[in-house]
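Have a look at the structure below before the remarks.
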Amino acid sequence: MPKERKPPIILPPTSPPSDSSKSAAFIFVHGLGDEAEGVENMARQFQSAGKLPHMSWVLPNALENHDLATTAWYMPTRLSPYPPSRPELEDDEDEEGIMATVAYLTTLIDDLISQGVLENRIILGGFSQGHAMALLTGLVSKYTGKLGGLVGLSGYLPLSDRIPVLRGESGLPKEHEDDVEVFLARGTGDRLVPKRYHRMCYETLYSLGVKEERVTLKEYEGMGHVMGGAELRDLCAWLESVVPGQTREDEGERKVDSCSQAKVG
Numbered sequence: 001m002p003k004e005r006k007p008p009i010i011l012p013p014t015s016p017p018s019d020s021s022k023s024a025a026f027i028f029v030h031g032l033g034d035e036a037e038g039v040e041n042m043a044r045q046f047q048s049a050g051k052l053p054h055m056s057w058v059l060p061n062a063l064e065n066h067d068l069a070t071t072a073w074y075m076p077t078r079l080s081p082y083p084p085s086r087p088e089l090e091d092d093e094d095e096e097g098i099m100a101t102v103a104y105l106t107t108l109i110d111d112l113i114s115q116g117v118l119e120n121r122i123i124l125g126g127f128s129q130g131h132a133m134a135l136l137t138g139l140v141s142k143y144t145g146k147l148g149g150l151v152g153l154s155g156y157l158p159l160s161d162r163i164p165v166l167r168g169e170s171g172l173p174k175e176h177e178d179d180v181e182v183f184l185a186r187g188t189g190d191r192l193v194p195k196r197y198h199r200m201c202y203e204t205l206y207s208l209g210v211k212e213e214r215v216t217l218k219e220y221e222g223m224g225h226v227m228g229g230a231e232l233r234d235l236c237a238w239l240e241s242v243v244p245g246q247t248r249e250d251e252g253e254r255k256v257d258s259c260s261q262a263k264v265g
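Each residue of the sequence shown is one higher than the last, beginning at 1 in full-length UniProt numbering.
As structure tokens, then:
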């Protein structure tokens, strides 16, 4: 029997804008061994603090991987802190599983667009394996260059050498100038994803045409492989700048909460 996937957790906006063009959505992808419920608290913290009230949250679930005995978006490979002395001996990446996830995440974007959310008001992001899948989907799917932004927390970019080929197979230009906004963050104490993968990630983005001035890079001293409070506050401010809500002038007397006026984490 085919594997069954739990439906995503969907949190509607706490204050839907009267102008539908000001609505926004954040698809946030959890990491290896987690599930949507594991990142739901983050979204609810934003909402309870009155932040991004115009934004809906879509939190998808990975399938159960029987070989790993846990949930996974794809079969992971070891991430070494040092470049391999013999790259030909490195484990192959799970391209089949990775691209199946790209296809699934693309359907979630399709669903949002069918509901009237504009492409450039959709943010796709994630943590760890979710970081990997969000960035790759934003680079090789039919929505390449069309989304409002990409977010990667404590992860890396898989299949980086294959991206030009994958783009070609999807009918996309192998390289093109890309105005998408990107937020990349990690902790200096992360022992699961070495720092060199953070560097390789943004260097690959630049090589593929993502404009350097569009990429926000953050590192948090001592933070491990987790999502930290300072990181989420910076993410909130970035989201407000990339997909802002309606202003008071737009909505009359409606009060707009500022990310900087409340704490997350």
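Ideal Cβ positions, reconstructed from N, Cα and C, are used throughout, including at glycine.
Review point. In this structure, does DSSP put Trp57 in helix, strand or coil?
Key: Numbered from 1 along the sequence shown, position 57 holds the residue referred to as residue 57. In the structure shown, Trp57 sits in a strand (DSSP, three-state: E or B).
Ile10 versus Gln115 - alpha carbon distance: As a first step, residue 10 must be located in the sequence shown, where it is residue number 10. As a first step, residue 115 must be located in the sequence shown, where it is residue number 115. Whole-angstrom Cα-Cα distance: 13 angstroms.
message = Rounded to the nearest angstrom, what separates Val180 and Arg78 at their Cα positions?
response = One-based indexing of the sequence shown puts residue 180 at position 180. One-based indexing of the sequence shown puts residue 78 at position 78. So the alpha carbons of these two residues sit roughly 29 angstroms apart.
Quiz item: Does the Cβ of residue 270 have 16 or more other Cβ atoms within 10 Å, making it buried, or fewer, making it exposed?
Solution: The chain is shown only over 1 to 265; residue 270 falls outside these bounds and no answer can be derived.
**Prompt:** DSSP on Tyr74, reduced to helix/strand/coil?
**Reply:** Here residue 74 corresponds to residue number 74 of the sequence shown, with the count starting at 1. Correct three-state label for Tyr74: coil.
Review point. Given 8 angstroms as the limit, is there contact between the region 89-103 and the region 44-51, that is, 3 or more CB pairs closer than that?
Key: no
- Task: Flag this pair as yes or no: are the beta carbons of Val140 and Ile123 separated by less than 8 angstroms?
- Result: For this step, residue 140 is matched to residue 140 along the sequence shown. For this step, residue 123 is matched to residue 123 along the sequence shown. Not a contact, by the Cβ cut-off of 8 angstroms.
Q) Considering Tyr202, what are the terminal residues of the alpha helix (DSSP H) in which it resides? A) Numbered from its first residue, the sequence shown carries residue 202 at position 202. From DSSP, the alpha helix (DSSP H) with Tyr202 extends over Lys195 to Ser207.
Am I right that Pro8 and Pro60 are in contact with their C-beta atoms under 8 angstroms? What's the rounded C-beta distance? Taking the sequence shown and counting its residues from 1, the one referred to as residue 8 is at position 8. Taking the sequence shown and counting its residues from 1, the one referred to as residue 60 is at position 60. About 4 angstroms; that satisfies the 8 angstroms criterion.
Tell me which residue opens and which closes the alpha helix (DSSP H) that Tyr104 is part of. Translated into positions along the sequence shown, residue 104 becomes position 104. Glu95 to Ser114 is the extent of the alpha helix (DSSP H) around Tyr104.
Practice task
Could you tell me the distance, in whole angstroms, from the CA atom of Ser15 to the CA atom of Ala24?
Solution key: By 1-based counting over the sequence shown, the position of residue 15 is 15. By 1-based counting over the sequence shown, the position of residue 24 is 24. Ser15 and Ala24: Cα-Cα distance of roughly 11 angstroms.
(message) Rounding to the nearest angstrom, what Cα-Cα distance links Glu4 and Glu96 in this structure?
(response) Here residue 4 is taken as the residue at index 4 of the sequence shown, counted from 1. Here residue 96 is taken as the residue at index 96 of the sequence shown, counted from 1. Between Glu4 and Glu96, the C-alpha separation is close to 18 angstroms.
Taking the straight line between their C-alpha atoms, what separation do you get for Pro121 and Val243? If you number the sequence shown from 1, residue 121 lands on position 121. If you number the sequence shown from 1, residue 243 lands on position 243. The identity of residue 121 in the sequence shown is Arg, whereas the question assumes Pro. Between Arg121 and Val243, the C-alpha separation is close to 6 angstroms.
query = Helix, strand or coil: how does DSSP classify residue 277 here?
reply = A query on residue 277 cannot be resolved here, the shown segment of the chain reaching from 1 to 265 and no further.
Margin query: For Arg186, report the span of its beta strand (DSSP E) as first-last.
Written below: Position 186 of the sequence shown holds residue 186. Start and end: Glu181 to Gly187.
Shortest alpha-carbon distance to Thr71 belongs to which of Ser21, Thr101 and Leu135? Numbered from 1 along the sequence shown, position 71 holds the residue referred to as residue 71. Ranking Ser21, Thr101 and Leu135 by Cα distance to Thr71 puts Thr101 first.
* Given a threshold of 16 other Cβ atoms within 10 Å of its Cβ, counted over all protein chains shown, does Ala103 qualify as buried or as exposed? -> Against the sequence shown, residue 103 aligns to sequence position 103. Ala103 comes out exposed.
Indicate whether Met42 and Leu232 have their beta-carbon atoms separated by less than 8 angstroms.
The residue labelled residue 42 in the question sits at position 42 within the sequence shown. The residue labelled residue 232 in the question sits at position 232 within the sequence shown. Yes, they are a contact pair.
Spatial neighbours of Ala230 within its chain, please: CB distance less than 7 angstroms, with the 5 preceding and 5 following residues excluded, ordered by chain position.
Translated into the one-based positions of the sequence shown, residue 230 becomes position 230. Closer than 7 angstroms at Cβ, skipping near neighbours: Tyr220.
Can you list, in chain order, the residues of its chain with a C-beta nearer than 6 angstroms to that of Thr144? Leave out the 5 residues immediately preceding and following it. Locating residue 144 in the sequence shown gives position 144, counting from the first residue. Only Leu172 meet the Cβ criterion.
So, helix, strand or coil for Gly38, using DSSP? Reading the sequence shown from its first residue, position 38 is the one you call residue 38. For Gly38, the secondary structure class from DSSP, reduced to helix, strand or coil, is helix.
* Does the Cβ-Cβ distance between Gly126 and Val29 come in under 8 angstroms? -> Looking up residue 126 in the sequence shown gives position 126. Looking up residue 29 in the sequence shown gives position 29. Their beta carbons are under 8 angstroms apart, which means Gly126 touches Val29 by this criterion.
Check your understanding: Nearest chain D C-beta to Cys236 closer than 8 angstroms, yes or no?
Key -> No chain D is part of this structure, which consists of one protein chain only.
Can you give me the Cβ contacts of Trp73 inside the same chain, cut-off strictly under 6 angstroms, excluding the 5 residues immediately before and after it? As a position in the sequence shown, residue 73 is number 73, starting the count at 1. Cβ neighbours of Trp73 beyond the five flanking positions: Ala62, Thr101, Gln129 and Met133.
Check your understanding: Terminal residues of the continuous beta strand (DSSP E) containing Ala69?
Key -> To locate residue 69, count along the sequence shown from 1; it is residue 69. Here Ala69 belongs to no beta strand (DSSP E), and DSSP marks it neither H nor E.
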